[in-house]
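Asker:
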Amino acid sequence: MAGRIEGKVALIIGAGSVGPGWGNGRAIATRFAEEGAKIFGVDFKLERMQETIEKVRACGGEIETGFCDVTKHQSIIDTVATCVKKFGRIDILVNNVGGSAAGGPVEMSEDVWDSQVDTNLKSVFLACKHVLPIMEAQGSGAIVNMASTSGIRWTGSAQVAYAATKAGVIQMSKVIAIQYAKKGIRVNTVVPGQLHTPMVEVRLAGQRAGGDVEKLLEQRQARIPLPFMGDGRDTANAALYLASDEARFITGTEIVVDGGMSVRCG
Numbered sequence: 001m002a003g004r005i006e007g008k009v010a011l012i013i014g015a016g017s018v019g020p021g022w023g024n025g026r027a028i029a030t031r032f033a034e035e036g037a038k039i040f041g042v043d044f045k046l047e048r049m050q051e052t053i054e055k056v057r058a059c060g061g062e063i064e065t066g067f068c069d070v071t072k073h074q075s076i077i078d079t080v081a082t083c084v085k086k087f088g089r090i091d092i093l094v095n096n097v098g099g100s101a102a103g104g105p106v107e108m109s110e111d112v113w114d115s116q117v118d119t120n121l122k123s124v125f126l127a128c129k130h131v132l133p134i135m136e137a138q139g140s141g142a143i144v145n146m147a148s149t150s151g152i153r154w155t156g157s158a159q160v161a162y163a164a165t166k167a168g169v170i171q172m173s174k175v176i177a178i179q180y181a182k183k184g185i186r187v188n189t190v191v192p193g194q195l196h197t198p199m200v201e202v203r204l205a206g207q208r209a210g211g212d213v214e215k216l217l218e219q220r221q222a223r224i225p226l227p228f229m230g231d232g233r234d235t236a237n238a239a240l241y242l243a244s245d246e247a248r249f250i251t252g253t254e255i256v257v258d259g260g261m262s263v264r265c266g
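The opening residue of the sequence shown carries number 1 in the UniProt record's numbering; numbering runs sequentially from there.
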């Protein structure tokens with residue numbers, strides 16, 4: 001039985017993970033491979049890709065990898081060109097790069113603001129800029145951008161640049177979706193909430209709970225109506241649906257993956 005995206009080429013930007021386990025990008029690459037896609041996965045740190053490669057190959061998937069600094073225009077150009085050279089086309093683009101920084105407009109430095117804009121928002125703009133002409137020439141394509149519930153509601157701490165840029169990803173996706181709808185290209189967004197990804201252990205616990213992972217998980221779970229916390233596989237399933245032909249009549253919208261958090265607290 002053919003997979004849901006059998007034979008399609010997926011360029012996944014941010015396919016690694018900061019630690020072991022199901023980060024969003026790693027889960028997306030693996031889930032897409034399980035459903036028959038050929039994966040071109042890139043990351044800023046190639047060592048973060050090793051477990052992704054192992055998981056994709058363990059399910060019989062095909063994966064090529066490379067380096068990409070999403071804040072650099074030429075690096076995006078090189079990534080797109082390499083993917084086309086290796087696989088001949090790009091059917092699916094997933095923009096999965098992002099990171100948060102604490103602070104409101106008074107506390108946050110201009111340099112941090114600029115860095116957040118470049119990493120979280122400009123990166124999506126650049127990837128779309130160079131992949132859209134390829135999809136247009138093919139007459140088809142699906143773009144899935146990763147936002148965050150921080151882009152639609154207050155999530156417990158001031159992170160003004162992250163919230164603004166993730167809200168920007170959502171609206172940019174809507175604009176591109178309508179502009180390219182007649183070209184056969186769909187553009188949608190996944191909006192993950194507070195998931196248990198490797199980021200919790202590696203970074204967030206130290207920032208918000210004095211290094212106490214269990215304390216942070218309890219704090220996050222308390223905001224979620226469902227009695228468990230999702231992980232990157234839940235994000236991946238939403239991305240898979242939007243990338244597949246099952247979502248052929250869906251464009252310019254979002255799937256929120258947060259266990260009901262934004263409904264209860266929005």
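We treat Cβ as the ideally placed atom computed from N, Cα and C, and that holds for glycine.
Anyone know if the C-beta pair for G151 and A167 falls short of 8 Å?
Answerer: Yes. Within cutoff.
Asker: For Q50, count neighbouring C-beta atoms within 10 Å of its own C-beta (all shown protein chains included) and say buried if the count is 16 or more, exposed if not.
Answerer: When all chains shown are included, Q50 counts as exposed.
Asker: For P20, collect the residues of the same chain with a Cβ closer than 7 Å to its Cβ; drop the 5 residues on either side in sequence, then sort them by chain order.
Answerer: Result list for P20: E51 and P198, in chain order.
Asker: Can you have a look at H73 and say buried or exposed, based on whether 16 or more other CB atoms are within 10 angstroms of its CB?
Answerer: H73 should be labelled exposed.
Asker: Among C68, K38 and V42, which one has its Cα closest to the Cα of R57?
Answerer: Here the closest residue by C-alpha is K38.
Asker: Once you ignore the five residues that flank V124 on each side, which residues in its own chain have a CB closer than 6 Å to its CB?
Answerer: Result list for V124: N95, N145 and V169, in chain order.
Asker: Have a look at the DSSP bridge pairing and note the partners of A142.
Answerer: In DSSP, A142 forms a bridge with I92 and R186.
Asker: Return the bridge partner residues of K38 from the DSSP annotation.
Answerer: According to DSSP, which records beta bridges pairwise, K38 is partnered with V9 and E62.
Asker: Using DSSP's beta-bridge definition, name the partner residues of Q159.
Answerer: DSSP output for Q159 lists G103 as bridge partner(s).
Asker: Going by the beta-carbon positions, is the gap between K55 and G16 smaller than 8 Å?
Answerer: No; because the gap between Cβ atoms is not below 8 Å, this pair is not in contact.
Asker: Hey, out of K8, M1, A2 and G3, whose CA is closest to I143's CA?
Answerer: Answer by Cα proximity: K8.
Asker: Under 8 Å, do I63 and G141 count as touching if we go by C-beta distance?
Answerer: No, the pair does not count as a contact, with Cβ atoms beyond the cut-off.
Asker: Per DSSP, what kind of secondary structure is V80 in: helix, strand or coil?
Answerer: V80 falls in the helix class under three-state DSSP.
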